[in-house]
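K.L.:
Below is the structure I would like to discuss, written out as structure tokens.
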Amino acid sequence: MKIAVLAGDGIGPEIIAQAINVLNALKADGLDFELEHGLIGGCAVDATGEPYPEATHALVTQADAILLGAVGGPQYDALPRPQRPERGLLAIRKALNLFANLRPAILYAELAEASSLKPEVVAGLDIMIVRELTGDIYFGEPRGIKQRDGQRVGFNTMIYSEAEIRRIAHVAFQAADKRNKKLCSVDKMNVLECTQLWRDVVIEVAKEYPQVALSHMLVDNAAMQLVREPKQFDVIVTGNMFGDILSDEASMLTGSIGMLPSASLDENNKGLYEPIHGSAPDIAGQDVANPLATILSVAMMLRYTFNQEEAALRIENAVQKVLQQGFRTSDIAAPGLQTVGTQAMGDAVLSHL
Ligand code: IPM
Ligand code: MG
Numbered sequence: 298m299k300i301a302v303l304a305g306d307g308i309g310p311e312i313i314a315q316a317i318n319v320l321n322a323l324k325a326d327g328l329d330f331e332l333e334h335g336l337i338g339g340c341a342v343d344a345t346g347e348p349y350p351e352a353t354h355a356l357v358t359q360a361d362a363i364l365l366g367a368v369g370g371p372q373y374d375a376l377p378r379p380q381r382p383e384r385g386l387l388a389i390r391k392a393l394n395l396f397a398n399l400r401p402a403i404l405y406a407e408l409a410e411a412s413s414l415k416p417e418v419v420a421g422l423d424i425m426i427v428r429e430l431t432g433d434i435y436f437g438e439p440r441g442i443k444q445r446d447g448q449r450v451g452f453n454t455m456i457y458s459e460a461e462i463r464r465i466a467h468v469a470f471q472a473a474d475k476r477n478k479k480l481c482s483v484d485k486m487n488v489l490e491c492t493q494l495w496r497d498v499v500i501e502v503a504k505e506y507p508q509v510a511l512s513h514m515l516v517d518n519a520a521m522q523l524v525r526e527p528k529q530f531d532v533i534v535t536g537n538m539f540g541d542i543l544s545d546e547a548s549m550l551t552g553s554i555g556m557l558p559s560a561s562l563d564e565n566n567k568g569l570y571e572p573i574h575g576s577a578p579d580i581a582g583q584d585v586a587n588p589l590a591t592i593l594s595v596a597m598m599l600r601y602t603f604n605q606e607e608a609a610l611r612i613e614n615a616v617q618k619v620l621q622q623g624f625r626t627s628d629i630a631a632p633g634l635q636t637v638g639t640q641a642m643g644d645a646v647l648s649h650l
């Protein structure tokens, strides 16, 4: 197993260090893998002038899986768009055809109090958001800012081909089939033709999965339902932009965006694994970031790319034990419980592996 490690910017290196400790602990137990490090995002811009350098592309093309920290920082905000760190992330997703982004939002019972919603509304929450990741308005052409009739206009293009919709729909139906067999497809078909096609194609694909109950929801309603009654959802499938927004919203239900891992897969389950949170430059280098989302991303890697379900469960159980014991990083701190730093949280997970 070849794993490319791209720590990135901000808190990236700190949280990745903890995830690597977890991988090394599993290695000591007989899992065989090689780690190779590369640059992406702001650190890559600093070193090479580009957020997704050729050397990184070569490295990740050869790897079976990629573990990524986070990219971005205020020092890069003034750079021309092609050099911004976020472009590195979009470039690697596109270059490796990582079209299927799985973002589970699971509430650990111990964190019910950390959620912004009432504990009874979120207790037992377990949603999987399947976000299309290489299409939509993120990549559509034409795009830009231009002069028109004496003023500037900004424009982007929301576009999906039926093939793109069909392949993500299959991923979502298969995910639902392995869970509670409920799939909700989110669109904005009352206004946007692009998402009318989305709905039509999802309905076509549904014929191949009669055992899965399919429903549809407009994105504004979905945003509302996620905070009104989130437990009505099992699997949600949606486009790139709606998925970006809804997955941040869903993450907060679970207590902290610092808890949520993600997998971005291609057609062969080669994957990029990263926490859904960003580089948090305001707390970088202070040993306060929550490493659990990154550690849980390693569990997803073992499950989806390497088919090591048992090892994945070991990590997830270790995280649960640590929470049960009362360890909390500051984003999930609670009165009477021990607030620990990044390193101490990582060590606590190791001790339960
Ligand atoms: C995410 C992030 C990225 C996105 C940004 C950093 C480009 O918000 O992974 O959700 O919008 O996809
Ligand atoms: Mg996002």
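Take the sequence shown: its position 92, counted from the start at 1, is 389 in my numbering, and no numbers get skipped.
Ideal Cβ positions, reconstructed from N, Cα and C, are used throughout, including at glycine.
The structure presented is a predicted model; accordingly, all values stated were derived computationally and were not measured.
1. Whose C-beta lies closer than 8 Å to the C-beta of D563 among residues of the same chain, with five residues either side of it excluded?
2. Going straight from the alpha carbon of M598 to that of E490, what length do you get?
3. Just the Cα atoms here: how many angstroms apart are T551 and I403?
4. Measuring alpha carbon to alpha carbon, tell me which residue in V502, Q621, H574 and P507 is nearest A547.
5. Could you give the first and the last residue of the continuous alpha helix (DSSP H) run that contains F267?
6. How is I456 classed by DSSP in three states: helix, strand or coil?
7. For G643 versus Q315, is the C-beta spacing smaller than 8 Å?
8. Got a sec, what are the start and stop residues for the beta strand (DSSP E) I403 sits in?
9. Within the same chain, show all residues whose beta-carbon is closer than 7 Å to that of H354, passing over the 5 residues directly before and after it, in chain order.
10. Reducing DSSP to helix, strand and coil, say where G385 ends up.
11. So, with DSSP's three-state summary, where would you put P310?
12. For a test of the three-state rule: what should DSSP assign to E606, helix, strand or coil?
13. Where does S648 sit, in a helix, a strand or coil, going by DSSP?
14. Of the residues A360, Q640, L647 and K528, which one's Cα is nearest the Cα of P310?
15. Would DSSP call T651 helix, strand or coil?
16. CA-CA distance, Y570 and D446?
17. With DSSP as the reference, label A367 as helix, strand or coil.
18. Could you tell me whether the region 369-389 touches the region 502-518, using the rule of 3 or more Cβ pairs below 8 Å?
19. Over the uninterrupted alpha helix (DSSP H) stretch that includes Y601, give me the two end residues.
20. If we ignore side chains and look at the alpha-carbon of each, how far apart do A330 and P439 end up?
21. From V419 to S412, what does the alpha carbon distance come to, in whole angstroms?
22. Looking only at C-alpha atoms, which of E606, P348, L422 and M486 sits nearest to I517?
23. Any heavy atom of the ligand IPM closer than 7 Å to the Cβ of L365?
24. Give a single yes or no on whether D541 has its beta carbon closer than 7 Å to a heavy atom of the ligand MG.
25. Would the C-beta of D545 count as close to the ligand ADP, meaning under 7 Å from any of its heavy atoms?
26. Following a CB-centred definition, is I424 positioned closer than 7 Å to any heavy atom of the ligand IPM?
27. Can you tell me where the beta strand (DSSP E) with E571 in it begins and where it stops?
28. Under the rule that 16 or more other beta-carbon atoms within 10 Å means buried, what is D628, buried or exposed?
29. For a test of the three-state rule: what should DSSP assign to K479, helix, strand or coil?
30. Count the other C-beta atoms from every protein chain shown that fall within 10 angstroms of the C-beta of L610, then say buried if there are 16 or more, exposed otherwise.
31. Relative to the C-alpha of V595, which candidate in G307, Q529 and L332 has its C-alpha closest?
P.N.:
In short, the structure shows the following:
1. L393, N394, L395, F396 and A397
2. Cα to Cα, M598 sits roughly 36 Å from E490.
3. 6 Å
4. If we check each option's Cα against that of A547, H574 comes out closest.
5. The displayed coordinates of the chain run from 298 to 650. Any statement about residue 267 would go beyond what the structure contains.
6. DSSP places I456 in coil when its eight states are reduced to three.
7. The answer is yes: Cβ separation under 8 Å.
8. Following the DSSP letters along the chain, one finds I403 inside the beta strand (DSSP E) bounded by residues A397 to I403.
9. A392
10. helix
11. helix
12. helix
13. helix
14. Q640
15. The chain is shown only over 298 to 650; residue 651 falls outside these bounds and no answer can be derived.
16. 45 Å
17. strand
18. no
19. L589 to Y601
20. Looking at the sequence provided, one finds Phe at residue 330 rather than Ala. Each residue's alpha carbon lies about 42 Å from the other.
21. If you take the alpha carbons of V419 and S412, they lie about 8 Å apart.
22. Note that residue 517 is Asp in the sequence shown, not Ile. For D517, the nearest C-alpha among the options comes from M486.
23. No.
24. yes
25. Questions concerning the ligand ADP fall outside what the structure shown contains, since the ligands it does hold are the ligand IPM and the ligand MG.
26. no
27. G568 to P572
28. buried
29. In this structure, DSSP gives K479 an extended state, which the three-state scheme calls strand.
30. exposed
31. The shortest C-alpha separation from V595 is found at L332.
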